[in-house]
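The sequence shown begins at 3 in the numbering used here and counts up one residue at a time.
For each residue, glycine too, the CB sits at the ideal point set by N, CA and C.
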Amino acid sequence: MSNQGVAHLSSAFGASAPRSRRRRIGDASSLGALANTGASALRLGCQLALLPILPILYMTAAIIRAISDMDEMKRKIVTEAMAFSGLATGFTCFSYLFFRDMGAPEFRPEWAFYVMWAYYGIGLFFSWRRYR
Numbered sequence: 003m004s005n006q007g008v009a010h011l012s013s014a015f016g017a018s019a020p021r022s023r024r025r026r027i028g029d030a031s032s033l034g035a036l037a038n039t040g041a042s043a044l045r046l047g048c049q050l051a052l053l054p055i056l057p058i059l060y061m062t063a064a065i066i067r068a069i070s071d072m073d074e075m076k077r078k079i080v081t082e083a084m085a086f087s088g089l090a091t092g093f094t095c096f097s098y099l100f101f102r103d104m105g106a107p108e109f110r111p112e113w114a115f116y117v118m119w120a121y122y123g124i125g126l127f128f129s130w131r132r133y134r
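Below, the structure written as structure tokens:
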């Protein structure tokens, strides 16, 4: 730790240091606080943007718990539908890149979520029909 850091700590705890030295350190620390205001606001914005992940994690745990409480046949049907949904969504998103290069509209991220649920419904129907 530098001498300035030691002097700042000692002045914070009431130790005597020359007044001019404390003043210089105080000015430097207030400038640092002003410079970090933008960074802390950005950090707070990032933390607030990540806040919706908490309910998503809760929903994920609830879905996994619900699937593990199912009997074997229902679990197999749902798992096959999810596997089909994930693979088909991945291939669709990857294939759309080629269409985008040919001039198709830009792919919005939320579209992948809707496509995944549509493929889940299709996979659930065919998996249910096969084990009926």
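For residue i and residue j, which I take to be in contact (beta-carbon distance under 8 Å), what is that distance rounded to the nearest angstrom?
i      : j       : result
Ser-87 : Met-118 : 5 Å
For residue i, collect the residues of the same chain with a Cβ closer than 8 Å to its Cβ; drop the 5 residues on either side in sequence, then sort them by chain order.
i      : result
Met-72 : Val-80
Using a threshold of 9 Å, state whether the C-beta atoms of residue i and residue j are closer than that.
i       : j       : result
Thr-91  : Ala-114 : yes
Arg-77  : Ile-66  : no
Arg-102 : Phe-109 : yes
Distance cutoff 9 Å, beta carbons only. Does residue i sit that close to anything in chain B?
i      : result
Asp-71 : The displayed structure is made up of one protein chain only, and chain B is not part of it.
By Cβ distance below 7 Å, which residues in the same chain neighbour residue i in space, the five residues on each side in sequence not counted?
i       : result
Met-75  : Tyr-133
Trp-130 : Ile-79
Cutting at 6 Å between CB atoms, please list the residues of its own chain near residue i, excluding the five before and the five after it.
i      : result
Leu-33 : Because Leu-33 carries a pLDDT of 49, less than 50, the predicted location of this residue cannot be relied on, and no value is offered for it.
Check your understanding: Taking one C-beta from the stretch 78-86 and one from the stretch 118-129 each time, how about it: are there three or more such pairs within less than 8 Å?
Key -> Taking 8 Å as the limit for Cβ pairs, the verdict is that the stretch 118-129 does touch the stretch 78-86.
Review point. Taking the runs of the alpha helix (DSSP H) that are 4 residues or longer, which of them lie wholly in the stretch 32-111?
Key: Entirely contained in the stretch 32-111, the alpha helix (DSSP H) runs reaching 4 residues are, in chain order, 55-70 and 74-103.
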